[in-house]
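Just so we're on the same page, our numbering is the position in the sequence shown counted from 1, plus 17.
Glycine included, every Cβ here is placed at the ideal spot set by N, Cα and C.
Only a predicted model underlies this, so the values are computations on that prediction, with no experimental measurement involved.
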Amino acid sequence: MKKIVFDMFPLGQGRKTGVYRVSHELLRCLAADKRFAVRFAIPSALRTETRAYIDANAVPGLEFDAQEGGDVLFLPFGCVSPGVSAVCSVTAQFIHDLIAVRRPEWFSDSLGAQVQEIVARLTTETCIFVN
């Protein structure tokens with residue numbers, strides 16, 4: 018059984034954007050598949066909100082424990098803390114909008130910087146999904 022570490026940031030935020038909907042469906046499908054054991058990477062700043070999402074949606078899984086590690090880290094948006102990615106052998110990085118790479122002036126400084134950080138972290142061990 019593969020251990021999937023799922024970054025809960027977009028779901029913990031609770032804003033029902035397109036990224037939220039993609040993350041929600043992806044998590045729902047992974048959690049329902051018996052081949053995977055889902056672990057939640059919960060952002061410390063969104064702990065209460067993320068727990069509320071997990072409870073409201075009855076998503077099966079456990080909170081991520083860095084001691085256990087994981088096989089695949091799913092990043093449905095943005096970057097996760099280095100402590101999580103360091104213990105996963107493969108990263109699945111979802112990139113929803115590459116326009117910020119070519120036209121950073123169209124975006125806020127923080128979003129443009131985040132997209133640049135995502136692109137800079139890509140390695141040969143990263144599976145990239147563009148939405």
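Check	Outcome
Among residues of its own chain, excluding the 5 on either side of residue 124, which ones have a beta-carbon nearer than 7 Å to its beta-carbon?	117
Mapping the DSSP letters down to three states, classify residue 110 as helix, strand or coil.	strand
Can you give me the Cβ contacts of residue 121 inside the same chain, cut-off strictly under 6 Å, excluding the 5 residues immediately before and after it?	129
So if DSSP puts residue 143 in a beta bridge, which residue, or which two residues, is it bridged to?	108
Spatial neighbours of residue 48 within its chain, please: CB distance less than 7 Å, with the 5 preceding and 5 following residues excluded, ordered by chain position.	55, 76, 77, 78
On the three-state DSSP scale, how would you describe residue 35?	helix
Could you give the distance in angstroms between the alpha-carbon of residue 73 and the alpha-carbon of residue 95?	24 Å
Report the rounded CA-to-CA distance for residue 68 versus residue 137, giving the unit in angstroms.	31 Å
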